[in-house]
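Chemist:
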Amino acid sequence: MAAAAEGLAAYRLVLRAARRTFAGDRLMLQESAVEIRRRFEDHRGLAPGSDELARALEDAREAAFFIGHGIVQATRGPSGSFVVKPESAHAGATLEVPSEEILSKLK
């Protein structure tokens, strides 16, 4: 596959993972799209066939996997607590509960 096509496929893969994970959270959708675009723009000039390009593409694929399988979007429930609804893609992942300090910043 040509380098440009591989890059585009990796870009779409990461964007799709972010859209699935952050569905319904407009701010996270916007910010993740901006960050994904910035990361890909930073690597735009990598030479086709180079080790750097191969590493960047692998990093993008790993990022897509992590976003899709390692992040669960929490929502605030009616009682004010956060509700986490993991999906089958998250099976086997460990849950990291945010500290009180982080939670207080979200209020």
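The sequence shown runs contiguously to residue 107 in full-length UniProt numbering.
The C-beta atom is built at its ideal place from N, Cα and C for all residues, glycine as well.
#1: Do residue 67 and residue 17 have their C-beta atoms closer together than 7 Å?
#2: Tell me the start and end of each unbroken alpha helix (DSSP H) in the segment 5-92 that is at least 4 residues and wholly inside, in chain order.
#3: For residue 108, which of 74, 83, 79 and 78 has the nearest alpha-carbon?
#4: Using DSSP with H/G/I as helix, E/B as strand and the rest coil, what is residue 104?
#5: Taking just the CA atoms, how far does residue 6 sit from residue 50?
#6: What separation, rounded to the nearest whole angstrom, lies between the Cα atoms of residue 11 and residue 80?
#7: DSSP state of residue 2, grouped into three classes?
#8: I'd like to know whether the C-beta atoms of residue 9 and residue 48 end up nearer to each other than 7 Å.
#9: Answer yes or no: do residue 53 and residue 46 have a C-beta to C-beta separation smaller than 7 Å?
#10: Can you give me the C-alpha to C-alpha distance between residue 15 and residue 104, rounded to a whole angstrom?
Modeler: With the given structure in hand:
#1: yes
#2: 26-42 and 51-70
#3: No answer is possible for residue 108: it lies beyond the span of the chain, which begins at 1 and ends at 107.
#4: helix
#5: 13 Å
#6: 36 Å
#7: coil
#8: no
#9: yes
#10: 29 Å
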